[in-house]
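Chemist: Just so you know, the sequence shown maps onto residues -22 to -1, 1 to 556 in mature numbering (1 follows the signal peptide of the UniProt record, and there is no 0). C-beta: ideal position from N, C-alpha, C; glycine also. The structure displayed is predicted, hence computed values, not measured ones. First the structure, then my questions, so here it is.
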Amino acid sequence: MAISVAMLWLLGTVVLTTLASAVTPPEGSKNRHYDFVIKKTNYTRLCHEKTVLTVNGQFPGPTIYARKGDIVVVNVINQGNKNITIHWHGVDQPRNPWSDGPEYITQCPIQPSANFTYTVILSEEEGTLWWHAHSDFDRTTVHGAIVIHPKKGTTFPFKKPHKEIPVILCEWWNADVNRLLQEAKRTGGEVNISDANTINGQPGDLFPCSKNGTFKLHVESGKTYLLRIINAALANELFFGIAGHRLTVVGTDARYTKALTVDYIMISPGQTVDALLEADRAANGSSNCRYYMAARTFASNTGIDFNNSTATAIVEYTDAPRATRAGTPDFPNLPAVNDTGAATTYTEQLRSLASKDHPADVPAHVDEHMLITIAVNVLPCTGNMTCDGPLSSRFAASLNNVSFQTPSVDVLDAYYGSVRGVYEPDFPDKPPFFFNFTDDNVPTERWFTKRGTKVKVLEYGAVVEVVFQDTAILGAETHPMHLHGFAFYVVGRGFGNFDKHKDPATYNLIDPPYQNTVSVPKAGWAAVRFRATNPGVWFMHCHFDRHQVWGMDTVFIVKDGKTPEAKMMRRPAGMPRC
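Dropping the structure here:
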């Protein structure tokens, strides 16, 4: 029998135990508790002071520390001036979509003066993840790192570092970014680009009024440092490197990789990279003791406006003579802003560790094949308006030509309570029409899309292969596609149109990287596989935030399995009301 969302809320308030107390951590693990107070705080960047939303007054926000298998309980208290939610990016949340966080997908937002307690269930994740707001553009300043150490009695599959340092890459707008978002929604046009990239909240001393705040990493010769690198940017993929030093990548998205030593990395929004830095300047014959670490935009589509800036921080050797510590830092040789070849070279080298303690378990048989086209589109203007998008229309985006329309009631509550009319369970497995997806001369009639709240329903245990296909509609570009509730094996990638008869022969089914966010190549494709063994409602979307707002999203609903351990948890008490 269908029940109303109001009845669901009443039922939730009378549950006798909270989800946090109902979940028992695995043996050797424990519950960890944090309070997150959302509040307005003044910050000055680029000679400009403004009020931003923060957690506990910090920008970036506090780091959560845990061990593999722990349960982290976070009480979010909204003392801000707007609705908000928090997402625990890359945490699978087994059987627990209730605490996943995307607004109107798995919960209604936390209203001002209200609070909500999230239960963050860690399972197989080990390494670096992050948390961020999942409402409007709030994650510009509401974000922070999640550091997941090995279980007690185990250790890293590499040399233990002397120190671990979160390095959060992001962007800064002088303007109020949510006002920019609302203006773009009103006019149907683009969202203004940011004024600077940042490293740990600072643009670096190449920008005005920024020298004193520039982040500094102090190191000692001969020691090893683990950099926990996070791309929290809303719009920019980034090249990152350190002058005079190479980085050894040992993990991505909280899954270990085979050691990969590189001069630079390319990291997409949503992704994390664990990289070892050897403080070995003397071994490299350098007489300097100060080096820039830098993050430069990788713009796969230079036909649109982008932030062509480089954020910097300084690596400084503290055991060098004091007289040498005032010199100008050396600058890294990063790839050009539009160097697709450099981005591809790095990404194609990533491999899962695939060891005895950290095996790769790549599905060989597939039950559900999906080909999903990714596009930036247009929608007609409503009423008598003239919009600021192409053809005087409104910018939109789509997956398989469906531009996701966010409902006013969250999808999870509608599914749990059999509420009709909130979503349609018929997201298509393939695009509605086929053409040369990567041809720069796409006919104008292909620019238009249609709105809908369509979801894909999966049987518990099904093995799913999704091939993401970029299109050249309004310009080909890379897309960081993120799936909530799962990590997936990135089994293949390439340029041009995916060929189902030839391209699967090129798949890596031995040790592909295991990620939660994949960078789909410009004018190309990426194939991922996962097992649908996490019952619940899970969002999938582009992690360029304007694309998400425009509709480059869908939802997977994974049905319950037969055993108690294969069923979604009950709705907890105190879920926010819409």
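(1) Between the beta-carbon of Val52 and the beta-carbon of Phe14, is there less than 8 Å?
(2) Within a Cβ cutoff of 7 Å, which residues of the same chain sit near Gly539, ignoring the five residues on either side of it in sequence?
(3) Output yes or no for whether 8 Å exceeds the beta carbon distance between Val227 and Leu238.
(4) Could you have a look at Gly502 and say whether DSSP puts it in helix, strand or coil?
(5) So what's Leu369 in DSSP terms, helix, strand or just coil?
(6) Can you tell me the Cα-Cα spacing of Thr192 and Ile126, whole angstroms?
(7) Count the other CB atoms, across all protein chains shown, that sit within 10 Å of the CB of Met459; report buried if there are 16 or more and exposed otherwise.
(8) Does DSSP put Trp108 in a helix, in a strand, or in coil?
(9) Starting from residue 563, trace the beta strand (DSSP E) in both directions and tell me its first and last residue.
(10) Taking the Cβ atom as the reference point for each residue, do Thr484 and Gly474 lie within a distance shorter than 8 Å?
(11) Just reading off the alpha helix (DSSP H) that Tyr21 is part of, what are its end residues?
(12) Starting from Asp308, follow its DSSP beta bridges and name the residues at the other end.
(13) Whose C-alpha, out of Asn59, Gly58, Leu100, Arg117, is nearest the C-alpha of Pro80?
(14) Quick check on DSSP: helix, strand or coil for His521?
(15) Can you tell which of Ala304, Ala338, Ala272 has its C-alpha closest to the C-alpha of Leu312?
(16) In terms of alpha-carbon separation, which member of Val496, Ala291, Gly502 lies closest to Ala508?
(17) Could you tell me the alpha carbon to alpha carbon distance between Met363 and Asp531, rounded to whole angstroms?
(18) With a cut-off of 8 Å, do at least 3 Cβ pairs link the segment 294 to 305 to the segment 180 to 198?
(19) Just to confirm the assignment, what range does the beta strand (DSSP E) spanning Glu215 have?
(20) Nearest-angstrom Cα distance between Thr325 and Asp317?
(21) Could you round the C-beta distance between Trp108 and Ala210 to whole angstroms and report it? I think they count as a contact, below 8 Å.
(22) Compute the Euclidean distance between the alpha carbons of His26 and Asn152, then round it to the nearest angstrom.
(23) Going straight from the alpha carbon of Thr456 to that of Gln57, what length do you get?
(24) For Phe517, count the other beta carbons within 10 Å of its own beta carbon; 16 or more makes it buried, fewer makes it exposed. Which is it?
(25) With DSSP collapsed to three states, give me the class of Gln526.
(26) Return the chain-ordered ranges of every beta strand (DSSP E) run that is complete within the segment 270 to 296 and spans a minimum of 3 residues.
(27) On the criterion of 16 or more Cβ atoms from any shown chain inside 10 Å, does Leu216 qualify as buried, or is it exposed?
(28) Could you tell me which residues DSSP puts in a beta bridge with Asp531?
(29) Classify Ala483 as helix, strand or coil using the three-state DSSP reduction.
(30) In terms of residues, what are the limits of the alpha helix (DSSP H) holding Gln160?
(31) Have a look at the DSSP bridge pairing and note the partners of Phe37.
(32) Which runs of the beta strand (DSSP E) spanning at least 3 residues fall entirely within the segment 340 to 364, listed in chain order?
(33) So does Asn53 have its beta carbon nearer than 7 Å to some heavy atom of the ligand FMN?
(34) Taking all protein chains shown into account, do 16 or more other C-beta atoms lie within 10 angstroms of the C-beta of Val344, making it buried, or fewer, making it exposed?
(35) Pick out the complete beta strand (DSSP E) segments inside the segment 444 to 492, 3 residues or longer, and give them in chain order.
(36) Would a C-beta distance cut-off of 8 Å place Thr275 and Gln249 closer than the cut-off?
Modeler: Well, looking at it:
(1) yes
(2) Tyr438, Gly439, Pro513, Lys545
(3) yes
(4) Here DSSP, grouped into helix, strand and coil, assigns Gly502 to strand.
(5) Of the three classes helix, strand and coil, the one that applies to Leu369 here is helix, per DSSP.
(6) 27 Å
(7) Label assigned to Met459: buried.
(8) Three-state result, Trp108: strand.
(9) Only positions -22 to 556 of the chain appear in this structure, which leaves residue 563 out of reach.
(10) no
(11) Note, Tyr21: premise wrong, no alpha helix (DSSP H); beta strand (DSSP E) at 9 to 23.
(12) Tyr269
(13) Looking at the Cα atoms, Arg117 is the closest of the given residues.
(14) coil
(15) Ala272
(16) The sequence given here has Phe at residue 508, not Ala. Among Val496, Ala291, Gly502, the Cα nearest to that of Phe508 is on Val496.
(17) In this model, Met363 and Asp531 are separated by some 26 Å (Cα to Cα).
(18) yes
(19) Start and end: 215 to 220.
(20) 13 Å
(21) 7 Å
(22) Looking at the backbone, the Cα of His26 and that of Asn152 are separated by about 7 Å.
(23) Taking C-alpha positions only, Thr456 is separated from Gln57 by approximately 37 Å.
(24) Result: buried.
(25) helix
(26) 288 to 295
(27) buried
(28) His519
(29) helix
(30) 155 to 165
(31) Bridge partners of Phe37: none, in fact.
(32) 346 to 357
(33) What this structure holds is no ligand at all, so the ligand FMN is not there to describe.
(34) The Cβ neighbour count for Val344, taken over all protein chains shown within 10 Å, is under 16; the residue is labelled exposed.
(35) 457 to 461, 466 to 473
(36) no
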